[in-house]
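Visitor: Mind having a look at this structure? Questions to follow.
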Amino acid sequence: MPQNLQYPQGTGRIVASFDFEEIATGIVSEKYFLFRAQSPIHKLVTQTLFSQEIQNGGTAYNSDETYDIDIDIDFDIDVGLPRTVEGDFFASVAAAVDPGGPNNTHFRITAILKKNDVAILTVNSELKSATSGGPVVSKIFGLSGTVPTTVINAGDTLRVTILVETKASVGSCNGTLWLAHDPGNRVDSKFITTGQDRTDSFVIIPFKGEFD
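Each residue of the sequence shown is one higher than the last, beginning at 928 in my numbering.
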């Protein structure tokens, strides 16, 4: 005789999934692309959108004494619920320089993770050099650091500030800089398009997992 089967109804709650490493460490790492919208507005986004522009530019006229900040951009996300950041922070940032002259140009990336506009973590990349009068030099910079435990409250802004800093090898230098920020990873003629260079700069921010 056929039986009427009764299936339990769902509770209506959203079920989140976590991998083994997240459960073991208690840290959930989230990837955010650097994105530019109109106005201009710079945001941290999780989707592979097309930026309004593929990159921002700057001009370097610097001495060999100190690093000059030639590009300084804040990428923000507004926090709707309290969250705790802690653990390993990573950034992959694409930049390029047309060195100009009269001397070689050294450039690097600095990434600053902030709560509102207060720095939580600052990390610097290695140096990349461009020869005076030579071709455009591009590089994907990898940066990492450990974020101290910090509570981000509802209504706070979680911010990543990206700096492109330059200085001359000796004397002074001048050149043109670019910082890539297209989540769609479109090709840009200002970058050396060898198939290895990318325009989808991103950061990975660690959050304390909520497994209850």
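Even for Gly, the Cβ is constructed at its ideal location relative to N, Cα and C.
1) Quick check on the DSSP output: the beta strand (DSSP E) that includes Leu-961 runs from which residue to which?
2) If you measure from the CB of Asp-1124, is any heavy atom of the ligand ATP nearer than 7 Å?
3) Taking the straight line between their C-alpha atoms, what separation do you get for Thr-1077 and Asp-1015?
4) Just the Cα atoms here: how many angstroms apart are Ile-1131 and Ala-1095?
5) Count the other CB atoms, across all protein chains shown, that sit within 10 Å of the CB of Glu-1092; report buried if there are 16 or more and exposed otherwise.
6) Taking C-alpha atoms, which residue in Gln-965, Ser-966 and Lys-970 lies nearest to Lys-958?
7) Just the Cα atoms here: how many angstroms apart are Ala-1038 and Gly-1098?
8) What did DSSP end up calling Thr-993 once you bin it into helix, strand or coil?
9) For Gly-1072, I'd like the list of residues in its chain whose CB is within less than 7 Å of its CB, leaving aside the five on either flank, ordered along the chain.
Guide: From the atom records:
1) Position 34 of the sequence shown, counted from the start, is the residue given in the question as residue 961. Annotation for Leu-961: the continuous beta strand (DSSP E) segment containing it runs 954 to 964.
2) The model depicted lacks the ligand ATP and carries no ligand whatsoever.
3) Working through the sequence shown from its first residue, we reach residue 1077 at position 150. Working through the sequence shown from its first residue, we reach residue 1015 at position 88. Just so you know, the alpha carbons of Thr-1077 and Asp-1015 end up roughly 13 Å apart.
4) Start at 1 with the first residue of the sequence shown, and residue 1131 comes out as number 204. Start at 1 with the first residue of the sequence shown, and residue 1095 comes out as number 168. For Ile-1131 and Ala-1095, the distance between alpha carbons rounds to 31 Å.
5) Locating residue 1092 in the sequence shown gives position 165, counting from the first residue. Label assigned to Glu-1092: buried.
6) Counting from one through the sequence shown, the residue named residue 958 turns up at place 31. For the residues Gln-965, Ser-966 and Lys-970, the minimum Cα distance to Lys-958 belongs to Lys-970.
7) Position 111 of the sequence shown, counting from 1, holds the residue named residue 1038. Position 171 of the sequence shown, counting from 1, holds the residue named residue 1098. Each residue's Cα considered, the two are about 27 Å apart.
8) Here residue 993 corresponds to residue number 66 of the sequence shown, with the count starting at 1. Looking at Thr-993 - three-state DSSP - the assignment turns out to be coil, as it is neither helix nor strand.
9) Here residue 1072 refers to the residue found at position 145 of the sequence shown. So the list reads Phe-1016, Leu-1048 and Val-1050, once near-sequence residues are dropped.
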